[in-house]
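Chains as they are written, first to last, in our numbering: chain Z, 28 to 471; chain D, 75 to 962.
Next comes the structure, spelled out in C-alpha cells:
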C-alpha cells in the first residue's frame, strides 16, 4: 500500500497485541484514488481439520458439553466447551449438519481432505478447481498474491493423502506452505536487500525463460513434421512461468504494507503448535487487512500422518490425532482427548475471529467482510458424511447467521453451499463442480 | 498350452471369466445404421470387406449373438444391439468390436447354456476380426509423439547423478499419474505451469547444494579422542543436580581415551546444535569391532545410522552398515541432505518433564540427533524395560542413560545433561535406569566408537561438482564456457552441434552480462541447462541415426538406472555401428551390476505391487491394537528385497507366485512371528508355513485391504492384473448400491456370502471371476497376518465371524492361500509369464500394452519362459526388441 502519512505508525498500538497494519481504507484515502469510494473487498478463509471432531447430537449424552455441535436454547446456539469462544459470536455464525461430497462418500476415510474444497473424486486424474481458486481467478489479480495456500503439513502430499486444500484452474494441486518466515518475507518484508534479491532472481528467471524458449523452438524445428504434443505442453508451462514473472515484476515496485511483526513468532515450529498456528492466523489476518490477498485456505493437519498428527502428545493430551479421532467423543463428561484437541483448535480460531471483529473497516468490521469456513470432511473418522461445518462472519456479504441448520434431509451435494458462497464473494456462478443448485434459501 | 487365434495363451478349462459391457459404449454407435453394406463415417466398404462380412462375420453374429442382442431379441440383454455393428472398424465401433472379440476368445459369450458357435466358425471369425482391429488401432494411433517426459523419480535421480548431490526432489513435485493395473503411464506425463514452478524451485535448491556459496569455514561437529576429558558437565535450568560426571557410568571405565562402547541393542546419540533445514551433510564414523570382554569370538556387527530433528527418539534412517570382524579402526562415510529429515514424525512416547517444559522446548527446538544403533541380537539376556514402556523386548533399543550432548559448534563449551538421564523426572519411574551395557559386553561381541564426525553443510566450499568447473582451484571466466559445454552435453545426453554450442555459450555470456559473479553465473547457467526440454524429455523415435543411438542409450539407462547415461555409453553411442544387439546385451549386465540398478528394482516393484495404493491405506488402530505404522516401511522393503533376490540371483520369476523362501528383516520377521532374523537388513530365509510368493507379502495384503479388513475384490483385481496378465474390465458407471441385506444377515454373513449377494444380473458375470481369487486370501487380514476369525466393529460392538476361504474354480476346489499359490504356479504359469512380460515391457517403454503389441509380447514371453523365467533374460530380450529400440 502507499507511503506513510501522519504519525509514525510503528508507535501506535491498536488493541491488545493486534498487529499494526496499514488499514485498507486509510491507505486508499491517502492515495485519494477513486477506489477509495468503493466498499472494502470480500475475503474468504477455509480452515480444515482432518479425521473428525468429537461430536454428538444427543442431548442426554454424558459428554454432550464437549460436543463440537452447539445446543440450541431458545432458538439461539449455545456452544459447548470445545467451541466456547463462539458463544460471543453466535449471531454471526451458522453451523451446518447433513452435507457431504457425494463423490467421496465411499472413499477411504482418510482420503477426503483432498476433496474438501472441490468435491472431486480422488480417483479423477484432474480435479475440479477449489472454491478459493475460483474466487481468486476473478479478483486475485487485484492483490499482490491471488491467494494463500497454507498447511501445517506443507507440500502437495499424495493423491488420497493431500497436504493442500487448493486446486488450480487446471485441477492440479497447489502445494501448501508452512514456511512462516518466507510468507512474512514475501508479503511484508520491505528490506531492500530482500527486494534486490527478488529483483535479481526475477531477472534471472526471465533470462531462463528466454533461453529455454529458444531451445524449444530449435527442438521443434528439429522434429520437423513429427508433431509433439508434449513439446506444446512444455511451451504452455514455460509461458505460464513467464506470466507469473511478469505479475511479480509488476508488483515489485509497489511497496509492501508496513506491519508490526512483533506479534509473529516466525521461528515457531511444530514443537510449539499454539505459537505456530497463532502466527499463521496472524499472517492471514494481516494479509486480509492490508489487502495483500483476499483468499486463503489453511489445512491444520493432513490425514497422511505428518508431524502435525502427533501434536496431541506435545500438547499434553496424549496420543496422536488419528487415534484420538478413532476414540471419538467417548462417554467421559470431563471430555475425551479428541474433544480437548477440538478445544485447542477452537480457541485459536476464535482468537483470530476476535481480531477480525475488533478491526474496523469502512462499512463495519473486518469480520463483516470476511467469510470464515471451518470444518472437517468426516463426521466420525472414516465416516465421510454429515460433515461438521461452521461459517462465521461475512455479514456484508449478505449472509444471515445465527442458526444451526439440519440439512440431512435435503440430499444435496455440499457444493451447493459453495455455489452460494461464491456468489456472495462476487465470483458469480451457477454451478461449481457437482453442484445441483444453491443453498441460498438457507443462508441468504 | 492352448492358445487362441493370435497365440495368446488361454486356458478355458480353469476359469470362465465374466462378460460385462460398458453401457456407455452404446453411445459410440452414433449414427449407426444397422447391418448394411453402406458406409459409416463416410469410408467405403471394399468388396473384400463385403465378402468377409458375408462369409465369416455375419453368420457367427446371427447364430450366436442376435438371439439376445438385436432388434429381434425377445429380451434384449445388456441393452446391447450387435446387429448395429458394422465394418470397417472405426473409432466409433472399435471398443465394441474389441469386447465382442474378447468374449468370444474367452468363451464367455454366448453364455454356457446357449448354443455355441462351432470351433471353425469361432476361429474363422477371430482370424478375420483380430487383424482388422489391430490395424485400426495402429492407424488410429497416428504418429507417435517423439518425446516423453522424464518421470519425477527420473528427474530427481538425474539431478543427483549430474550435480553430485543427495537431494531427492521427486517428493516435492506434482505426483505422476499411476495406472491402477500396474502399467506405466509415462507416455501421458504432462507438464503444467504449476509443475514447472515447483520443479524450478527444487532445481535451484539442488544447484545451490552443488555450487555452494562463497567458501565458508568447514563446519564439522566432532566427537573424538581426548576432547572427552575436556568436556565438563553443566546442568541447566536447575534440575536436581550432582555433577553428571560422578554419576556417569560410561566411557570413564576406559580411562582417558574417548571411546564409546556400543554393544548389541544399544544406541548412542550425538546431539548437534544445528537445526538449519537445508544443506548436504556428511557423517564419518570410526569404529572398532571387539570380541566379548569375557573372552570369545568377535562377530560381525550390524549397525544403523539415524538422523532426526528434535529431541524425540531418532526416527529416520540414513543407512545400515556392517562392521566386519577385522583388527583395528574401520571408517564409514555417509552422505545425505538434511531436507529429507526435516519435519520427521515425532515419537509420542517420550514425555516432557513438568518443570521448565517451555524453557526446555526452546532449547531443544534447535537440536538435531545423530544416532548409531547396534542391531545385533542379545542372546540369553533378559532385557529390562525402558522408560515404563510395555515390554517390547527386541524392539526397543535401550538408550544409554548417559547420552552425551555436545554443543556442536565444535567447541567444548559444555555438555547439557540428558533429561532422560538417571535422575530425570520420568513419569512413573524412580531411580535410575540401570546401565547394563557392561554386562552385555561381557558375553557379546560389540563395537567401540572411536570418533564421529558430522559435517553440515557439506561440502562447504569444496564440492566435487564445483571442482569440475574449476581451473587451478578457481572459477575462471575464460575456461568456464568449455566446462559448461561439457556439462550440457552430459545433461542433454548428446554431443553438442554448432547451434547448441552457440546456445550454451550465450547462456553463460548473458549471465555474465547481467553482472553475476562466476559462481552466480555458473549456478544460473546450470539451472537453465537443466530446465531445457533436451534434458527433461527423452526421445522415443530417432531423428537421425546418430541421435537415435544417443536416444537409445538414454532409454536404456533410464530403464535400468532411472538416470542419465554415463560417459562410457555416451562414447559408445557416438560410433554409428556400435550398438549391436550383442553390445546392448552386454551393457545390460554392466548396468545391472552398478549400484544405480537398485533404483530400477525399487521403481519397478513400486509400480508392480502398487506402493501408491499401499501408502494411502491407513490401518485402523481399533482393529489392530498392536499395529505400529513404522512396520509399513519394512513391508515395502520386503517386496523390493524379494524382487532384488530374483534379479541378482537369477531365480525364476515363478517364485512370485509361490516360493520356498522369503526375504525379511528383523522388524518384519517379528511382525510375521518368525524367529532367527535380526537387524534392519533384508535377507533370504526359508519360508515359514503359509508364506512364500507375493500373495502372502504383507504389503500386497495391506494395499488391497481397506485398513480394517481384507478387501477380497481389490485383492482379486490385483491378482488378475498382475499375476494373470488379465485385468478385469472396469465396472460400468452408475453401479447401483446393493439393496441392503437384512440386518441379522449382515452380522453373520461371511465375506464370501456377502459377495454372493452380488449374483444379481450382470454384476455376477464379472465378479464370479474376480471375487473367488480374493476370497481364497481371506485367511489373511489387513496387516498380512493369518487369522481364523474376522473382526468387525459396528454399532452393535465387536463381533467375530469365521473365515471362509474355500472357493471352486470349475471343478477345482481351492481352500485358502497356500492352495491358491500352488494352483497358480502349476496351472497359470503361462498367463503369469505373459502378464509379467507385459508389465516389464510397459515399464521399459513407458506406456501400457495394447492389442497391437501382442505378437511381440508373446515372442518375449516365450523367450522368458524358455530360459527359466529369469528377469535378466526378459530385460535383455526387451532391450533388443524393436518395441524398445524403435520405441513406438
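All C-beta atoms in this analysis are idealised placements derived from N, C-alpha and C, irrespective of residue type, glycine included.
Note that the coordinates shown come from a computational prediction; the quantities given were computed from them, not determined experimentally.
The bridge partners DSSP lists for residue 433 (chain Z) are Z:124.
Under the DSSP assignment, residue 445 (chain Z) falls outside any beta strand (DSSP E), being part of the alpha helix (DSSP H) whose first and last residues are 442-451. Chain-order list of chain D residues neighbouring residue 130 (chain Z): empty, with the shortest C-beta distance near 12 Å, by a criterion of under 9 Å.
The beta-carbon distance between residue 240 (chain D) and residue 410 (chain D), rounded to whole angstroms, is 5 Å. This is short enough to meet the 8 Å contact definition.
As computed with DSSP, residue 523 (chain D) is found in a beta bridge with D:334 and D:361.
Contact between residue 351 (chain Z) and residue 362 (chain Z) is ruled out by a C-beta separation of about 11 Å, above the 8 Å threshold. Taken in chain order, the complete alpha helix (DSSP H) segments of 4 residues or longer contained in the segment 708-765 of chain D are 740-746. DSSP places residue 142 (chain D) within a helical segment (H, G or I) once states are collapsed to three. Per DSSP, reduced to three states, the secondary structure at residue 544 (chain D) is coil, with no helix or strand assignment. Beta-bridge analysis with DSSP links residue 193 (chain D) to no other residue.
About 16 Å separates the Cβ atoms of residue 609 (chain D) and residue 635 (chain D), ruling out a contact at the 8 Å cut-off. Bridge pairing for residue 104 (chain Z): Z:99 [DSSP]. From the listed residues D:163, D:174 and D:599, the smallest Cα separation to residue 237 (chain D) is found for D:599.
Within 10 angstroms of the beta-carbon of residue 458 (chain Z) lie fewer than 16 other beta-carbons, which makes it exposed. Per DSSP, the beta bridge partners of residue 419 (chain Z) are Z:120 and Z:399. DSSP places residue 176 (chain Z) within a strand segment (E or B) once states are collapsed to three.
For residue 271 (chain D), the enclosing alpha helix (DSSP H) begins and ends at 267-284. In the structure shown, the three-state DSSP call for residue 145 (chain Z) is coil.
Taking CB atoms only, residue 195 (chain Z) has a neighbour in chain D less than 8 Å away.
Pairwise C-beta distances place the segment 65-75 of chain Z in contact with the segment 308-324 of chain Z, as three or more of them are shorter than 8 Å.
Using a Cβ-Cβ cut-off of 8 Å, residue 216 (chain Z) is close to nothing in chain D; its nearest Cβ partner there is about 19 Å away.
Distance from residue 160 (chain Z) to residue 195 (chain Z) at the Cβ level is roughly 6 Å; contact confirmed, criterion being Cβ atoms closer than 8 Å. Put simply, the CB of residue 577 (chain D) is near chain Z, with a gap under 8 Å to one of its CB atoms. Using a CB distance below 7 Å, the part of the segment 163-197 of chain Z facing chain D consists of 182, 183, 185, 186, 187, 188, 195 and 197, ordered along the chain. When secondary structure is reduced to three states using DSSP, residue 112 (chain Z) falls in the helix class. Z:87 is the residue among Z:71, Z:78, Z:252 and Z:87 whose C-alpha sits nearest the C-alpha of residue 359 (chain Z). Its Cα nearest to that of residue 410 (chain Z), the residue D:868 stands out among D:937, D:900, D:868 and D:894. Rounded to the nearest whole angstrom, the C-alpha separation of residue 332 (chain Z) and residue 693 (chain D) is 11 Å. In its chain, beyond the 5 residues on either side, 302 and 306 have a beta carbon closer than 6 Å to the beta carbon of residue 292 (chain Z).
Around the beta-carbon of residue 382 (chain D), 16 or more other beta-carbon atoms lie within 10 Å, marking it buried. When Cβ pairs closer than 8 Å are counted between the two stretches, the segment 424-442 of chain Z is seen to touch the segment 451-469 of chain Z, the count reaching three or more. Neighbours of residue 267 (chain Z) in chain D, taken as residues at a C-beta separation under 9 Å, are given in chain order as 266, 267, 268, 270 and 271.
At a beta-carbon threshold of 9 Å, the residues of chain D lying near residue 234 (chain Z) are 581, 584, 585, 588, 598 and 602, ordered along the chain. Around the beta-carbon of residue 639 (chain D), 16 or more other beta-carbon atoms lie within 10 Å, marking it buried. With three or more CB-CB distances shorter than 8 Å, the segment 176-191 of chain Z counts as touching the segment 675-689 of chain D. Secondary structure at residue 943 (chain D): coil, using DSSP grouped into helix, strand and coil.
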